[in-house]
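Number 36 in numbering that gives the first Met the number 0 belongs to position 37 of the sequence shown; there are no gaps in the numbering. Step one of this worksheet: look at the structure below.
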Amino acid sequence: MLVAFVALDLAFTCWQSYQMPLDGDLVAIVLPAPWYAPVLHDPFGWAALTKHEVYAAPNRFFAHAAMGSYWKTVPRLLHSITNPISSLYAASALFTSAVQA
């Protein structure tokens, strides 16, 4: 009974997430934008410490790298199931559901 409730809750979460718009820094981080690119070349922020360089989010390498990897891989895998636009929303819904699980 509990497993069925959790499965239904996750399915409902997935459906709700599929309907949500994609916004925020998603595109700027995944592509990456010029102001986020230095983060991906300096994982531990040594340039910020040793050369006193200033750039956006020097401590976010692993979050940005994981996000970029996920968004460059999962939507392409979903292209065989759905169209390219829907695959973006499906990837977002799958990630949100996995985090909630």
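Every residue, glycine too, gets a C-beta built ideally from N, C-alpha and C.
- As the crow flies, the alpha-carbon of G67 is around 10 Å from that of A27.
- For M66, the enclosing alpha helix (DSSP H) stretches over residues F60 to L77.
- In terms of CA proximity to P57, D41 leads the group V29, D41 and Q99.
- One Cα belongs to L87, the other to E52, and the distance between them is close to 34 Å.
- About 10 Å separates the beta carbon of T81 from that of A90, a gap too long to meet the 8 Å contact definition.
- Taking 8 Å as the cut-off, the beta carbon of L39 is found no closer than this to the beta carbon of A55.
- Considering only W70, A92 and A97, the residue with the shortest C-alpha distance to L25 is W70.
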